[in-house]
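*Asks:* Sending over a structure as structure tokens; questions will come in a sec.
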Amino acid sequence: MLDRQVAPPVQPLASVTLPAADVFSLPNGARLHIMHNDAQPVVRLQVVFKAGKWYEPVSGLSLLTARMLLEGTRTRTARQIADELAFYGASLDCEQGFDRATLTLYCLTRHLEQLLPLVQDVLTEATFPLPELELLKTRTVQNIRVERQKNSYLAAELFSRNLYGPSYPYGNTFDESVFVTITQAAVQDYYQSAYNFSEAEIFLCGDVSQADEQRIKDSLGQLSSSYASPILVPNFKFSEAASHEHKIISDSLQASLRIGRLWPSLTHPDTHKLQVLIKVLGGYFGSRLMKNIREDKGFTYGIYSTIGPREHACSLTIGTDVNGESAYAAVGEIKYELRRLQTELIPQDELQTVKNYVTGKFANELSTVFEQCDKYKTIVFLNLPEDYYSNFIHEVNCVDSKQLLELAQQYLTPESMVEVIVGPKAQA
1 MLDRQVAPPV QPLASVTLPA ADVFSLPNGA RLHIMHNDAQ PVVRLQVVFK
51 AGKWYEPVSG LSLLTARMLL EGTRTRTARQ IADELAFYGA SLDCEQGFDR
101 ATLTLYCLTR HLEQLLPLVQ DVLTEATFPL PELELLKTRT VQNIRVERQK
151 NSYLAAELFS RNLYGPSYPY GNTFDESVFV TITQAAVQDY YQSAYNFSEA
201 EIFLCGDVSQ ADEQRIKDSL GQLSSSYASP ILVPNFKFSE AASHEHKIIS
251 DSLQASLRIG RLWPSLTHPD THKLQVLIKV LGGYFGSRLM KNIREDKGFT
301 YGIYSTIGPR EHACSLTIGT DVNGESAYAA VGEIKYELRR LQTELIPQDE
351 LQTVKNYVTG KFANELSTVF EQCDKYKTIV FLNLPEDYYS NFIHEVNCVD
401 SKQLLELAQQ YLTPESMVEV IVGPKAQA
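Put into structure tokens, the structure is as follows:
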């Protein structure tokens, strides 16, 4: 008889292999990556450009360009674009990130042929109509003003600025006075230079037929665009300089905390072991920070620690929202947990729990072809080795408490952290 009081045995994940992608160099210089899976009759097409915040000459220009991309072309109005997508039950949007901008189309496989001309039109013939541009600028400014009334948003901004520096693209915050002066001509120029097919990466995944593959090559592979060299940013050097900032919001009841530092990139030899260490600290619901600051002290509903990898820098962030009066006490408990990882070996049963969580979560993140393609994109954009994820599983399973103690002593010293508090004045 099944005893439901006894947990089922856990089978460790021994290895994992991402599905192979077929890679083609197209006539215009773009690369096409195709990942096949016919489980569902759907496809996702993503065209990725070096058009993120890293490459913009004026703060906010990359964001404005990406959000304006679907506001009209030489042959279609924004309403016509939306109606055509709705007719085929598809979705199309453009997202701007720190490093890149991505145009993403989701559709049924049988509709890809009909929708490719629309994708091509948006990528090469966008007109950025002035009324819509001015309206978007106004909405964006209003939204940022609203967001900056939230302690958590301000804390994230200040943390990035203090961590990277205000002149570095990752630390440069939104400047309303600059943003409102961006002209239609500036957006068009950035579109022509940054949305450049000679350096584009195209990802097609899902139920892809040979005919679909050829259509992509014939359509997107033939597109060209004028090109201007992107803004060059000096190589960024890691710094161990710590800083502390408390922004007083006198009428606030809660305080937002951000603590962290610059972190080794995903190509670093210790990267997989460091992932385990940060999971122990605050990377899942049973982590040490959750047990201490949520369950024991009752300071917060949630607290996390996470590694944020980007193409030009990587960071560790510990974040939470607490009662304003408890801000300094919460910071003290975070530092206590950091020091404990530097001085005490992680018990074997706790470490095994974290290993099971890490590998199980990773396996769950590969359940669809879209998620598999996202992992593959990480390998492409961060220049990781092809066996990165198979090595990840192996090293997670093999890491021991002594190795994690040594890594904590090297990377988790509280005095080396950037510390930001946004909230009411609290008792030290």
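Number 275 in the UniProt record's numbering belongs to position 275 of the sequence shown; there are no gaps in the numbering. Every residue, glycine too, gets a C-beta built ideally from N, C-alpha and C. Quick caveat: nothing in here was measured; it's all calculated off a predicted structure.
Roughly how many angstroms lie between the CA atoms of S219 and N37, to the nearest whole one?
*Replies:* Here residue 219 refers to the residue found at position 219 of the sequence shown. Here residue 37 refers to the residue found at position 37 of the sequence shown. The alpha-carbon atoms of S219 and N37 are separated by roughly 22 Å.
*Asks:* Whole angstroms is fine: what's the gap from Q5's alpha carbon to I379's?
*Replies:* Within the sequence shown, numbered from 1, the residue matching residue 5 stands at position 5. Within the sequence shown, numbered from 1, the residue matching residue 379 stands at position 379. Roughly 42 Å between the two C-alpha positions.
*Asks:* Using three-state DSSP, classify L158 as helix, strand or coil.
*Replies:* Position 158 of the sequence shown, counting from 1, holds the residue named residue 158. Three-state DSSP puts L158 in a helix.
*Asks:* For H272, list the residues DSSP reports as bridge partners.
*Replies:* As a position in the sequence shown, residue 272 is number 272, starting the count at 1. In DSSP, H272 forms no bridge with anything.
*Asks:* If we ignore side chains and look at the alpha-carbon of each, how far apart do L163 and S305 end up?
*Replies:* Looking up residue 163 in the sequence shown gives position 163. Looking up residue 305 in the sequence shown gives position 305. Cα to Cα, L163 sits roughly 16 Å from S305.
*Asks:* Drop a sphere of 10 angstroms on the beta-carbon of F87, count the other beta-carbons inside from all chains shown, and report buried for 16 or more, exposed for fewer.
*Replies:* What you label residue 87 is simply residue 87 of the sequence shown in a count that begins at 1. It counts as exposed.
*Asks:* Runs of 4 residues minimum, wholly inside the stretch 347-378: which ones carry the alpha helix (DSSP H) assignment?
*Replies:* Within the stretch 347-378, the complete alpha helix (DSSP H) runs of at least 4 residues are 348-364.
*Asks:* Using a threshold of 7 Å, state whether the C-beta atoms of E71 and L118 are closer than that.
*Replies:* Position 71 of the sequence shown, counted from the start, is the residue given in the question as residue 71. Position 118 of the sequence shown, counted from the start, is the residue given in the question as residue 118. No. Outside cutoff.
*Asks:* Considering only the beta carbon of each residue, do E419 and I259 sit closer than 7 Å?
*Replies:* Taking the sequence shown and counting its residues from 1, one reaches residue 419 at position 419. Taking the sequence shown and counting its residues from 1, one reaches residue 259 at position 259. Yes, the Cβ-Cβ distance between E419 and I259 is below 7 Å.
*Asks:* Compute the Euclidean distance between the alpha carbons of L316 and T77, then round it to the nearest angstrom.
*Replies:* Working through the sequence shown from its first residue, we reach residue 316 at position 316. Working through the sequence shown from its first residue, we reach residue 77 at position 77. Whole-angstrom Cα-Cα distance: 43 Å.
*Asks:* For Q222, does the count of other Cβ atoms within 10 angstroms reach 16, so buried, or fall short, so exposed?
*Replies:* Position 222 of the sequence shown, counting from 1, holds the residue named residue 222. Result: exposed.
*Asks:* For F98, does the three-state DSSP call read helix, strand or coil?
*Replies:* Locating residue 98 in the sequence shown gives position 98, counting from the first residue. In the structure shown, F98 sits in coil (DSSP, three-state: anything other than H, G, I, E or B).
*Asks:* Okay, do the stretch 52-72 and the stretch 186-194 touch, 3+ Cβ pairs below 8 Å being the bar?
*Replies:* As far as the Cβ criterion goes, the stretch 52-72 touches the stretch 186-194, which means the pair count is three or higher.
*Asks:* Taking the continuous alpha helix (DSSP H) assigned at M35, which residues delimit it?
*Replies:* To locate residue 35, count along the sequence shown from 1; it is residue 35. First-last for M35: R31 to H36, but that is the beta strand (DSSP E), not the alpha helix (DSSP H).
*Asks:* Count the other CB atoms, across all protein chains shown, that sit within 10 Å of the CB of Q348; report buried if there are 16 or more and exposed otherwise.
*Replies:* As a position in the sequence shown, residue 348 is number 348, starting the count at 1. That one is exposed.
*Asks:* Measuring straight from C-alpha to C-alpha, what distance separates T271 and Q80?
*Replies:* Within the sequence shown, residue 271 is the residue found at index 271, counting from 1. Within the sequence shown, residue 80 is the residue found at index 80, counting from 1. Whole-angstrom Cα-Cα distance: 47 Å.
*Asks:* Could you please give the first and the last residue of the uninterrupted beta strand (DSSP E) stretch that includes F285?
*Replies:* Residue numbering aside, residue 285 sits at position 285 when the sequence shown is read from its first letter. Taken as a continuous stretch (DSSP letters only), F285 belongs to no beta strand (DSSP E), as it is neither H nor E.
*Asks:* Looking only at C-alpha atoms, which of R44, G60 and P414 sits nearest to A90?
*Replies:* For the purposes of this step, residue 90 is taken as the residue at position 90 of the sequence shown. The shortest C-alpha separation from A90 is found at R44.
*Asks:* Using the rule of at least 16 other Cβ atoms within 10 Å of the residue's Cβ for burial, across every protein chain shown, is S326 buried or exposed?
*Replies:* The sequence position of residue 326 within the sequence shown is 326, counting from 1. Buried.
*Asks:* Give me whichever residues DSSP pairs with H244 in a beta bridge.
*Replies:* Within the sequence shown, residue 244 is the residue found at index 244, counting from 1. Answer by DSSP bridge pairing, in chain order: E419.
*Asks:* For F285, count neighbouring Cβ atoms within 10 angstroms of its own Cβ and tell me buried if that reaches 16, exposed if not.
*Replies:* By 1-based counting over the sequence shown, the position of residue 285 is 285. Exposed is the call here.
*Asks:* Spatial neighbours of P27 within its chain, please: C-beta separation below 8 Å, excluding the five flanking residues on both sides.
*Replies:* Within the sequence shown, numbered from 1, the residue matching residue 27 stands at position 27. Closer than 8 Å at Cβ, skipping near neighbours: G221 and Q222.
*Asks:* Terminal residues of the continuous beta strand (DSSP E) containing D212?
*Replies:* Against the sequence shown, residue 212 aligns to sequence position 212. Note, D212: premise wrong, no beta strand (DSSP E); alpha helix (DSSP H) at Q210 to S219.
*Asks:* Between the stretch 288-296 and the stretch 252-269, do three or more beta carbon pairs fall short of 8 Å?
*Replies:* These segments do not touch.
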